[in-house]
Amino acid sequence: MKAFVFPGQGAQFVGMGKDLYETNAVAKEMFEKANEILGFRITDLMFNGTEEDLRQTKVTQPAIFLHSVILAKTLGDEFKPDMVAGHSLGEFSALVAAGALSFEDGLRLVATRAMAMQKACEAKPSTMAAVLGLTNEQVEAVCAEVDDIVAPANYNCPGQVVISGTNEGVAAACEKATAAGARRAVPLKVGGAFHSPLMQPAHEELAEAINKAQFSTPVCPVYQDVDALPHTDSNEIKENLIAQLTAPVKWTQIVQAMIADGADEFVELGPGTVLQGLVKKINREVATSGKQ
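Going by our numbering, 32 is the number at position 3 of the sequence shown; the sequence numbering is gapless.
And the structure:
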């Protein structure tokens, strides 16, 4: 069975999507429609901008979403998923690709999410760090010992958990993780504490937008980040999407659940190869490939 997976923030690169735009009429039309909906030419920043341009949350998120969703569309009949999932922002790409959301509504929600998250980041200095070499339970225990806000944000693969919180909270947790035997605790270059309680102001704004959007039954199960379970009910999908912003991404658990349900081939759609690498670290037996 084939699982299509969609990357999140951090996978972007200058030039992403340019070949698609120049060689595929459907892709060009979708990119131009996106420029119109967003009110600025995101294609200029994606194809010819600087890394700094692309690192702004309000640009990064729609850019990765567009690249992924347009790739899925241009595959035509090749895009026949038995199941889909997306890492953080990638969940929106997965939902659009699987027909649970229209392209236009998906893009508007991603733009709303990006702006709300950027505002939340600016309101409170915060950060994230990758803890390598500890179990999930050890990382959870380390975070629980810290007085400041810090929590697991991404369960990426065995031995790699990203934590998220205030600058002080993350620094203290990194020290404790190292003392507990972590191989490394690496601060990440991000705008703020994604998937932590510090995203609560953005959560409220996004919830309102999600509740107004029209969701349909997807063509296949969508394994969602908050519970790593397959969903096809549109109301459940909406609730999980709202909860996702302040809850950890259970990527390890999603891949394990997909494999248990029969997935033996994972195809990554979007910039980079991060998810293919994580899938291999979770289970070496399955086949991985990708399209950029």
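We put the beta carbon where it would ideally sit given N, CA and C, even for glycine. Predicted model, so just to flag it, every value in this text is computed and none were measured.
Supposed close pair residue i, residue j - CB separation, criterion 8 Å
i: Val278; j: Ala182; result: 7 Å
i: Gln273; j: Val255; result: 5 Å
i: Ala242; j: Leu138; result: 6 Å
i: Val125; j: Leu304; result: Not quite, the Cβ-Cβ distance comes to about 17 Å (not below 8 Å), so this is no contact.
i: Met112; j: Pro259; result: 7 Å
i: Gly319; j: Val284; result: In fact, because the Cβ distance is near 15 Å, the residues do not count as touching under 8 Å.
i: Gln41; j: Thr79; result: About 12 Å; that fails the 8 Å criterion.
i: Ala32; j: Met287; result: 5 Å
Inter-residue Cα distance where the pair is residue i and residue j
i: Leu118; j: Ile271; result: 12 Å
i: Ala101; j: Lys87; result: 22 Å
i: Gly198; j: Val219; result: 15 Å
i: Leu83; j: Leu74; result: 7 Å
i: Asp177; j: Glu237; result: 29 Å
i: Arg313; j: Val248; result: 28 Å
i: Gln229; j: Ser193; result: 13 Å
i: Ile266; j: Ala170; result: 30 Å
i: Leu130; j: Phe60; result: 17 Å
i: Lys57; j: Lys47; result: 9 Å
i: Pro110; j: Ala201; result: 42 Å
i: Thr52; j: Gly68; result: 24 Å
i: Ala209; j: Glu174; result: 12 Å
i: Val179; j: Thr207; result: 16 Å
i: Ile93; j: Phe244; result: 21 Å
Residue span of the alpha helix (DSSP H) that contains residue i, given as start and end
i: Arg137; result: 132-152
i: Lys310; result: 303-311
i: Ala54; result: 54-67
i: Val199; result: 196-208
i: Lys267; result: 263-272
i: Lys87; result: 86-103
Near the ligand GTP: residue i beta-carbon under 7 Å from a heavy atom
i: Phe33; result: Judged by which ligands are present, the structure shown has none, so any question about the ligand GTP falls away.
Option in the options with minimal Cα separation from residue i
i: Val43; options: Gly301, Lys320, Ala158; result: Gly301
i: Asn9; options: Cys203, Glu174, Phe33, Cys186; result: Absent from the structure is residue 9, since the part of the chain shown begins at 30 and ends at 321.
i: Thr281; options: Ala114, Gly105, Phe108; result: Ala114
i: Glu120; options: Lys153, Gln38, Cys150; result: Gln38
i: Lys310; options: Gly188, Thr103, Phe69, Val168; result: Gly188
i: Phe276; options: Gly46, Ser263, Val191, Ala152; result: At residue 276 the sequence reads Ala, which differs from the Phe that was named. For the residues Gly46, Ser263, Val191, Ala152, the minimum Cα distance to Ala276 belongs to Val191.
i: Asn264; options: Ile288, Ile239, Ala257; result: Ile239
i: Gln323; options: Leu104, Thr246, Ser131; result: No information on residue 323 is available, as it lies outside the stretch 30 to 321 that the chain covers here.
i: Gln167; options: Cys203, Thr261, Glu61, Phe132; result: Cys203
i: Lys205; options: Phe108, His224, Cys172; result: Cys172
i: Glu233; options: Val315, Gly78, Glu268; result: Glu268
i: Ser225; options: Lys153, Ala209, Ala208; result: Lys153
i: Glu294; options: Val315, Val308, Leu307, Gly306; result: Val315
i: Tyr184; options: Val308, Glu81, Ile93; result: Val308
i: Phe108; options: Ala127, Thr317, Gln253; result: Ala127
Other residues of its chain near residue i: CB distance less than 6 Å, five sequence neighbours each side excluded
i: Pro216; result: Ala158
i: Ser155; result: Thr195, Gly221, Ala222, Leu227
i: Met45; result: Met75, His96, Pro300
Range covered by the beta strand (DSSP E) that runs through residue i
i: Phe121; result: Taken as a continuous stretch (DSSP letters only), Phe121 belongs to no beta strand (DSSP E), being part of the alpha helix (DSSP H) at 119-126.
i: Ala332; result: As shown, the chain starts at 30 and ends at 321. That puts residue 332 outside it, with no answer to give.
i: Phe298; result: Correcting the residue identity first, residue 298 is Leu in this sequence and not Phe. From DSSP, the beta strand (DSSP E) with Leu298 extends over 294-298.
i: Asn185; result: 179-186
i: Thr281; result: Run containing Thr281: none in the beta strand (DSSP E); it sits in the alpha helix (DSSP H), 280-289.
i: Leu161; result: 155-161
i: Phe35; result: 31-35
Beta-carbon proximity list for residue i, same chain, < 7 Å, skipping 5 on both sides
i: Leu235; result: Thr141, Arg142, Ala145, Ile271, Leu274
i: Ala211; result: Val160, Leu161, Gly162, Leu163
i: Gln147; result: Thr86, Lys87, Gly220
Beta-carbon contacts of residue i that lie in its chain and below 8 Å, excluding the five residues immediately before and after
i: Ala63; result: Ile71, Thr72, Pro91, Leu95, Leu136
i: Cys150; result: Thr86, Gly220, Gly221, Ala222
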